[in-house]
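Q: Here the sequence shown is numbered in my numbering, starting from 154 and rising by one per residue.
The C-beta atom is built at its ideal place from N, Cα and C for all residues, glycine as well.
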Amino acid sequence: MINITKQELQVLIEYIYEICGVHLDSSKEYLVKTRLDGLVTKNGCASYSEFYYRARSDRTGKLNGDMINAITTPETLFFRDKHPFEIMRTKLVNEIIQKKKSKTGLPGQLRIWSAASSTGQEIYSLAMILRETISNIDKYRISLMATDISDVVLDLARAGRYNKFEISRGLTPQLLNKYFIEKDQYWQLKDEILKMVKFQKLNLMKPFVGLGKFDIVFCRNVAIYFTLDDRKNLFDRIADTIVPEGYLFIGSSEFLTGISDRFKAVRHGKTIYYQKVK
Ligand SMILES: C[S@@+](CC[C@H](N)C(=O)[O-])C[C@H]1O[C@@H](n2cnc3c(N)ncnc32)[C@H](O)[C@@H]1O
Numbered sequence: 154m155i156n157i158t159k160q161e162l163q164v165l166i167e168y169i170y171e172i173c174g175v176h177l178d179s180s181k182e183y184l185v186k187t188r189l190d191g192l193v194t195k196n197g198c199a200s201y202s203e204f205y206y207r208a209r210s211d212r213t214g215k216l217n218g219d220m221i222n223a224i225t226t227p228e229t230l231f232f233r234d235k236h237p238f239e240i241m242r243t244k245l246v247n248e249i250i251q252k253k254k255s256k257t258g259l260p261g262q263l264r265i266w267s268a269a270s271s272t273g274q275e276i277y278s279l280a281m282i283l284r285e286t287i288s289n290i291d292k293y294r295i296s297l298m299a300t301d302i303s304d305v306v307l308d309l310a311r312a313g314r315y316n317k318f319e320i321s322r323g324l325t326p327q328l329l330n331k332y333f334i335e336k337d338q339y340w341q342l343k344d345e346i347l348k349m350v351k352f353q354k355l356n357l358m359k360p361f362v363g364l365g366k367f368d369i370v371f372c373r374n375v376a377i378y379f380t381l382d383d384r385k386n387l388f389d390r391i392a393d394t395i396v397p398e399g400y401l402f403i404g405s406s407e408f409l410t411g412i413s414d415r416f417k418a419v420r421h422g423k424t425i426y427y428q429k430v431k
């Protein structure tokens, strides 16, 4: 165990907030230590001060990425919480496609953003849903964007290569057989899915530049780490990126009450999702 002084803890907490907006307070000493002790040791640092200075001066951003991963847990899985993907499959995809078709007479564009995508399971689940739901999908201009602050998870996401544990979580055998190729104990997503998604590094705490507008945004299980003010600001800026009457999905334990009045809650079975109203 590496000792951490009160001052080191404070400096580290402020640094974590600075690099990714994750808010911790001094009561989180145990969490900081259990999550970061391993990284401090792995990087050969004798103290938390040395680790802090090393992270601050690491121009590759690798240490920051590792810290963010350790603090936030990049936990994710295919079709997480199931219901949002069921709503997409049975309702929203067709609804949006038809709405755009009736306006222009042409197969339209559909843009979806997975904000804080982690290792890609969320956006690839959406890509599979779209392939399963839209016939003649190649006629449509589908754009799937996935962003995360961490290069570590983005590299893994781009590779689209998952181990036995990862493919055992959330995928049906039918989707696994259809969209993955097994190779050396790993399962590689096929090009038809990989090529649908663009990954980009993005810190949700910073202004969104050049993202364009989305029909649907998934921003799940990341805002829980932010302060109330930062959450308000985040969902306000996310609302700006969504087309009028477009949709937002947040995590199953998250809520927008008292955070944003720019969305109305829509209840569908066991799930609540949000529609932009202003
Ligand atoms: C628990 S995962 C959520 C993954 C996925 N959305 C889901 O619900 O399954 C949280 C992710 O948020 C990312 N993250 C943390 N702070 C961030 C920030 N300020 N901007 C963008 N991504 C951030 C982490 O790197 C991590 O991959």
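Under a three-way DSSP split, which group does N316 fall into?
A: Looking at N316 - three-state DSSP - the assignment turns out to be strand.
Q: Quick one, are the C-beta atoms of Y400 and L216 less than 8 Å apart?
A: Contact: no.
Q: Less than 8 Å between the C-beta atoms of A299 and G323, yes or no?
A: Cβ distance not < 8 Å, so A299 and G323 don't count as in contact.
Q: Would you say the beta carbon of T225 is closer than 7 Å to some non-hydrogen atom of ligand 1?
A: T225: yes, Cβ under 7 Å from ligand 1.
Q: Give the single residue among E335, G313, I334 whose Cα lies nearest to the Cα of K348.
A: Checking every option, the nearest Cα to that of K348 belongs to G313.
Q: By Cβ distance below 6 Å, which residues in the same chain neighbour S405 in space, the five residues on each side in sequence not counted?
A: Correct list, in chain order: D234.
Q: On a Cα-Cα basis, can you pick out the residue from Y170, R284, G261 that is closest to T380?
A: Measuring from the Cα of T380, the nearest candidate turns out to be Y170.
Q: Whole angstroms is fine: what's the gap from F408's alpha carbon to V396's?
A: C-alpha separation (whole angstroms): 21 Å.
Q: Is there contact between the stretch 322-336 and the stretch 224-233, where contact requires at least three CB pairs shorter than 8 Å?
A: Contact between the stretch 322-336 and the stretch 224-233 is present, because at least three Cβ pairs lie under 8 Å.
Q: Would you give the residue range spanned by the alpha helix (DSSP H) that R212 belongs to?
A: Neither: R212 is in no alpha helix (DSSP H) and is coded neither H nor E.
Q: Grouping DSSP H, G and I as helix and E and B as strand, with all else coil, what is F204?
A: Helix, per DSSP.
Q: Pick helix, strand or coil for S267, following the three-state DSSP scheme.
A: Three-state DSSP puts S267 in a strand.
Q: Reducing DSSP to helix, strand and coil, say where K351 ends up.
A: Strand, per DSSP.
Q: Using a threshold of 8 Å, state whether the C-beta atoms of Q163 and S179 are closer than that.
A: Against a cut-off of 8 Å, the Cβ pair of S179 and Q163 comes out as a contact.
Q: So, is L184 buried or exposed, given that buried needs 16 or more other C-beta atoms within 10 angstroms?
A: Counting Cβ neighbours within 10 Å, L184 comes out exposed, since fewer than 16 surround it.
Q: Ignoring anything shorter than 3 residues, give me the beta strand (DSSP E) runs that lie fully in the stretch 360-396, in order along the chain.
A: Listed in chain order, the complete beta strand (DSSP E) runs (minimum 3 residues) inside the stretch 360-396 are 367-372.
Q: Out of I302, E239, I295, N156, which has the shortest C-alpha to C-alpha gap to D219?
A: D219 has its Cα closest to that of I302, out of I302, E239, I295, N156.
Q: Around the Cβ of F388, are there at least 16 other Cβ atoms within 10 angstroms (buried) or fewer (exposed)?
A: Counting Cβ neighbours within 10 Å, F388 comes out buried, since at least 16 surround it.
Q: Could you tell me which residues DSSP puts in a beta bridge with V419?
A: V419 pairs with Y426.
Q: On the DSSP bridge assignment, give the partners of R294 in chain order.
A: Looking at the DSSP assignment, R294 forms a beta bridge with Q262.
Q: Looking at D304 and ligand 1, is the gap between the Cβ and the nearest heavy atom below 7 Å?
A: Outside the cutoff, so no.
Q: Pull up the DSSP beta-bridge partners for K336, would you.
A: Answer is Y339.
Q: Just to confirm my understanding: we take K431, look at its own chain, exclude 5 residues before and 5 after, and list those with CB closer than 6 Å. What are they?
A: The answer, listed in chain order, is R415.
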